[in-house]
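One structure is given below, encoded as structure tokens.
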Amino acid sequence: MRLSALLPALCCTAALILSFLCLFAGHKKGFMEDYHVMTLNTSRIGEGVVNSTLGSSDSPLSSLWNLVPDSIQNDVGEAAGAVTEQLGIEDFYSAHLLDYCYGQFTPAEAANSTLSLSDIHKSVTGCSNQTAMFWFDPEVILEQALNKTGLGITLDDLEWPEDIQRGLDALRIVSITSFVLYCIAIALIFVALVAALPAIFAAGRLAACLNLMVTILAFLAIGLASALVTAVSVKGSSIINQYGNDIGVQANRGNKFLALTWVATALMFITLVTWSVELCFGHRKRQTYAAGKHG
């Protein structure tokens, strides 16, 4: 058994598992929901509605104010929560590669004097259908939620910034491309794993060369996929935070997901380096060993 070939096989196995987890994280309720690409926090969108309604009796949202109980109308926080519930909008929407999940923050939407931020957790209500080359479009998702209420309120009434949609639309092709690259990377990593197994028991420069070529392709695929999805996560959340703050909308990038995908990339880099060393120095070591044996 050649230990120098065992390391690439182990790295490929781990990278393959991590790549699959990246692709299928959040594909159903309760499965790695925390490993999202990006999360849209809409729990405070009701505050913008309350402030708009309090500031003008002619606001198109004034009909919502009549649905808020009189006992909490003087408490902006509670009133905002009641308004958000009436709008039919969930507290959060988490974007994944195949779908999005949604739900409520428990036990409350925001920290206060008696509740710290660390005590607030996400409770997932459900997830959308899995779709290949899925694109997270918050404008469509929120419009659908508003339409279900039958109140006749649109995102325009909530003063949803067009800059958010324009910024996210620019990232759409990047997100779709990253999905395709993840699929290609998984296939290539699997091929690299299969090619590495015979090399554990049989030495040969040709085998090392073949493994190196496949590993280079797999590393490029997972590396590009990781880079593109990082751009979507970081830039997308930045755009939402820049333009959505005025209406109480925020976004958080998926640091756990990014850690997962970059670890997979690092493992394939280790595999690449190992095969490079094996190709350059393995044959020389065997020649030295043979010369010493017959000398």
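If you use mature numbering (1 follows the signal peptide of the UniProt record, and there is no 0), the sequence shown corresponds to residues -19 to -1, 1 to 276, in order.
Using N, Cα and C, we set each Cβ at its ideal position, and we do this for glycine too.
Model, not experiment: these values are computed from the prediction.
Cβ of A206 within 8 Å of Cβ of L169? Residue 206 sits at position 225 when you count from the first residue of the sequence shown. Residue 169 sits at position 188 when you count from the first residue of the sequence shown. Cβ distance not < 8 Å, so A206 and L169 don't count as in contact.
The alpha helix (DSSP H) with Q223 in it runs from where to where? Sequence index remark: in the sequence shown, residue 223 carries index 242 (1-based). Segment R186 to G225, the alpha helix (DSSP H) holding Q223.
By the 10 Å Cβ neighbour count, where 16 or more other Cβ atoms means buried, how is R186 classified, buried or exposed? In the sequence shown, the residue the question calls residue 186 occupies position 205. Label assigned to R186: exposed.
Evaluate the contact criterion for the stretch -11 to -1 versus the stretch 164 to 183: three or more CB pairs, one atom per stretch, below 8 Å. yes
Is it buried or exposed, T135, if we count other Cβ atoms within 10 angstroms and call 16 or more buried? Here the question's residue 135 lines up with position 154 in the sequence shown. Classification of T135: exposed, given that the 10 Å Cβ count is below 16.
Which residues does DSSP pair with Y74 in a beta bridge? Residue 74 sits at position 93 when you count from the first residue of the sequence shown. Looking at the DSSP assignment, Y74 forms a beta bridge with L21 and Y83.
What are the start and end residues of the alpha helix (DSSP H) that includes C164? Numbered from its first residue, the sequence shown carries residue 164 at position 183. Looking at the DSSP string, the run of the alpha helix (DSSP H) that includes C164 is R153 to F182.
What residues are listed by DSSP as bridge partners for K103? Position 122 of the sequence shown, counting from 1, holds the residue named residue 103. According to DSSP, which records beta bridges pairwise, K103 is partnered with F86.
Own chain, CB closer than 7 Å to I157, minus 5 neighbours either side, in chain order: Here residue 157 corresponds to residue number 176 of the sequence shown, with the count starting at 1. The residues are M114 and W116.
Span separating the alpha-carbon of K237 from that of S218: The count along the sequence shown starts at 1 and reaches residue 237 at position 256. The count along the sequence shown starts at 1 and reaches residue 218 at position 237. Between K237 and S218, the C-alpha separation is close to 15 Å.
Could you name the residues of the same chain whose beta carbon sits closer than 7 Å to that of F250, not counting the 5 residues immediately before and after it, in chain order? The sequence position of residue 250 within the sequence shown is 269, counting from 1. Counting only Cβ-Cβ distances below 7 Å, and skipping sequence neighbours, we find F200.
Provide the residue span of the beta strand (DSSP E) that contains Q231, from first to last. The count along the sequence shown starts at 1 and reaches residue 231 at position 250. Its beta strand (DSSP E) spans residues Q231 to R234.
Cα separation between I181 and T255? Counting from one through the sequence shown, the residue named residue 181 turns up at place 200. Counting from one through the sequence shown, the residue named residue 255 turns up at place 274. Computed Cα separation, rounded: 13 Å.
Using beta-carbon positions only, say whether N233 and T20 come within less than 8 Å of one another. Working through the sequence shown from its first residue, we reach residue 233 at position 252. Working through the sequence shown from its first residue, we reach residue 20 at position 39. Yes.
Select from L(-14), A(-15), M13 and K9 the residue whose C-alpha is nearest the C-alpha of L(-2). For the purposes of this step, residue -2 is taken as residue 18 along the sequence shown, with counting starting at 1. Comparing Cα-Cα distances from L(-2) to each of L(-14), A(-15), M13 and K9, the minimum goes to M13.
Excluding five sequence neighbours on each side, which residues of the same chain lie with their C-beta closer than 7 Å to the C-beta of Q111? By one-based count along the sequence shown, residue 111 stands at place 130. Result list for Q111: H8, L79 and D80, in chain order.
Given a cut-off of 8 Å on the beta-carbon distance, is the pair V213 and V155 in contact? Stepping through the sequence shown from its first residue, residue 213 is reached at position 232. Stepping through the sequence shown from its first residue, residue 155 is reached at position 174. Result yes, Cβ atoms of V213 and V155 sit closer than 8 Å.
Expressed to the nearest angstrom, what Euclidean distance is found between the alpha-carbon atoms of I220 and L149? Taking the sequence shown and counting its residues from 1, one reaches residue 220 at position 239. Taking the sequence shown and counting its residues from 1, one reaches residue 149 at position 168. So the alpha carbons of these two residues sit roughly 8 Å apart.
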